[in-house]
Amino acid sequence: TMTIDGHSALALQSAGDIAIVAGGNDITMDTDHVIIESASTADPTLTLKSTTNSNVGSSLEFISDKGAAGADNDVIGSIKFIGDDTAQVQTQFARIVGSVSESADSDEAGKLAFFVAESDGTNTNQNTIGLLIEGEHATDGQIDVTIAAGNTSTTTVNGMLVVDGPGGLLMGSTQAIDSSGLLTVAAQTGITAA
2 TMTIDGHSAL ALQSAGDIAI VAGGNDITMD TDHVIIESAS TADPTLTLKS
52 TTNSNVGSSL EFISDKGAAG ADNDVIGSIK FIGDDTAQVQ TQFARIVGSV
102 SESADSDEAG KLAFFVAESD GTNTNQNTIG LLIEGEHATD GQIDVTIAAG
152 NTSTTTVNGM LVVDGPGGLL MGSTQAIDSS GLLTVAAQTG ITAA
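Each residue of the sequence shown is one higher than the one before, starting from 2 at the first, in the numbering used here.
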C-alpha cells in the first residue's frame, strides 16, 4: 500500500519484499539522510552485487563536488563505526576518512586515515589516527605510511617484515640496519659495528 500524508510525506509499506527496477539504469535521490533500520541480528546488510561477466566488480564511491576549487584537507568521505558504551552512550569507536592532502592541479595527493577511539581512563579521544596513508607531494611513486600513535604504542608484525629500498631501517632518526642487512649501530657488548 502507498499512502500520502498531506503533500510532504510519503510512506511505502509492504507485507512482502519490494523490488524497484529502473529501466534507465539510474535512481536519483535528493535528500540529506537515508536510514536503513532492522531489528534482526546482524542486519541490516547493504549488498552491492554485480551479475555481469566481467573481471571488474562493484564500486562504492564518495564524491565531493564543491562547485568551487578544492583545497588541502578537504574531507571527501567518512565511514563511522558507532556503538554503545557501558552507560549506553552512543560512542564513535572508529572511523575511516578519505581526504585531500595536496589539491594543486597536476600535483594532487590523497590521504586515507584510520581513526580509533582511545582513552586516558577518564576521557575518550575519538580523533586519534592509528594508521595514516598519504601520497607524497611532488614525488612520483612515493606513499608515506604512519602506524600507531604515541611513543608507548605497540606495533606487532606477525611473520616476516621486509624492508626494501636504499634507506634500510631507522630507529628514531638513526639508521640501525643498512639496505644490505648489516647493523650500522655503534659497537656495543656483543655487537660489532659494520
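For each residue, glycine too, the CB sits at the ideal point set by N, CA and C.
Note to self: Rounding to the nearest angstrom, what Cα-Cα distance links residue 62 and residue 172 in this structure?
What the structure shows: By one-based count along the sequence shown, residue 62 stands at place 61. By one-based count along the sequence shown, residue 172 stands at place 171. Approximately 39 angstroms between the Cα atoms of the pair.
Next item on the list: Report the residue from 72, 12, 40 whose alpha carbon sits nearest the alpha carbon of residue 102.
Entry: Position 101 of the sequence shown, counting from 1, holds the residue named residue 102. Comparing Cα-Cα distances from residue 102 to each of 72, 12, 40, the minimum goes to 72.
Margin query: Let's test the definition: count the other Cβ atoms within 10 Å of the Cβ of residue 116 and tell me whether it reaches 16, buried, or not, exposed.
Written below: Taking the first residue of the sequence shown as position 1, residue 116 is located at position 115. Residue 116 is buried by the Cβ-count criterion.
Notebook entry, point to check: From residue 66 to residue 111, what distance separates their C-alpha atoms?
Noted result: Taking the first residue of the sequence shown as position 1, residue 66 is located at position 65. Taking the first residue of the sequence shown as position 1, residue 111 is located at position 110. Answer to the nearest angstrom: the Cα atoms are 16 angstroms apart.
Next item on the list: Starting from residue 125, follow its DSSP beta bridges and name the residues at the other end.
Entry: Here the question's residue 125 lines up with position 124 in the sequence shown. Paired residue(s): 120.
Next item on the list: Return the residue from the list 165, 189, 190, 155 that minimises the CA-CA distance to residue 179.
Entry: Numbered from 1 along the sequence shown, position 178 holds the residue referred to as residue 179. Distances from the alpha-carbon of residue 179 to those of 165, 189, 190, 155 put 165 closest.
Checklist line | Terminal residues of the beta strand (DSSP E) in which residue 145 lies | finding: Counting from 1 along the sequence shown, the entry for residue 145 is found at position 144. From DSSP, the beta strand (DSSP E) with residue 145 extends over 144-148.
Next item on the list: Please go through the segment 57-136 and give each complete beta strand (DSSP E) segment of 3 or more residues, from N-terminal end onward.
Entry: 76-85, 91-103, 110-117, 130-136
Note to self: According to DSSP, simplified to helix, strand and coil, what is residue 175?
What the structure shows: Within the sequence shown, numbered from 1, the residue matching residue 175 stands at position 174. DSSP places residue 175 in strand when its eight states are reduced to three.
Notebook entry, point to check: Can you name, in chain order, every residue of its own chain whose Cβ lies under 6 angstroms from the Cβ of residue 133, other than the five neighbours on each side?
Noted result: For the purposes of this step, residue 133 is taken as residue 132 along the sequence shown, with counting starting at 1. Cβ neighbours of residue 133 beyond the five flanking positions: 114, 147.
Next item on the list: Measure the Cβ-Cβ separation of residue 99 and residue 77 and say whether it is below 9 angstroms.
Entry: In the sequence shown, the residue the question calls residue 99 occupies position 98. In the sequence shown, the residue the question calls residue 77 occupies position 76. In contact: residue 99 and residue 77 (Cβ atoms closer than 9 angstroms).
Notebook entry, point to check: From residue 20 to residue 151, what distance separates their C-alpha atoms?
Noted result: Stepping through the sequence shown from its first residue, residue 20 is reached at position 19. Stepping through the sequence shown from its first residue, residue 151 is reached at position 150. So the alpha carbons of these two residues sit roughly 50 angstroms apart.
Notebook entry, point to check: By DSSP, does residue 11 sit in helix, in strand, or in coil?
Noted result: Numbered from its first residue, the sequence shown carries residue 11 at position 10. Residue 11: strand per DSSP, three-state reduction.
Note to self: Can you check which of these residues, 186, 156, 47, is closest to residue 131 by C-alpha distance?
What the structure shows: For the purposes of this step, residue 131 is identified with residue 130 of the sequence shown, where counting begins at 1. Per the Cα distances, 156.
Item checked: residue 183 (DSSP reduced to helix, strand or coil) -> Here the question's residue 183 lines up with position 182 in the sequence shown. Residue 183: coil per DSSP, three-state reduction.
Check: In whole angstroms, what is the alpha-carbon distance linking residue 145 and residue 138?
Finding: By 1-based counting over the sequence shown, the position of residue 145 is 144. By 1-based counting over the sequence shown, the position of residue 138 is 137. Taking the straight line joining both Cα atoms gives about 10 angstroms.
Next item on the list: State the Cα-Cα distance for the pair residue 167 and residue 93, rounded to the nearest angstrom.
Entry: Position 166 of the sequence shown holds residue 167. Position 92 of the sequence shown holds residue 93. About 40 angstroms.
Next item on the list: Could you tell me the distance, in whole angstroms, from the CA atom of residue 23 to the CA atom of residue 38?
Entry: Here residue 23 refers to the residue found at position 22 when the sequence shown is read from its first residue. Here residue 38 refers to the residue found at position 37 when the sequence shown is read from its first residue. Distance between the alpha carbons of residue 23 and residue 38: 23 angstroms.
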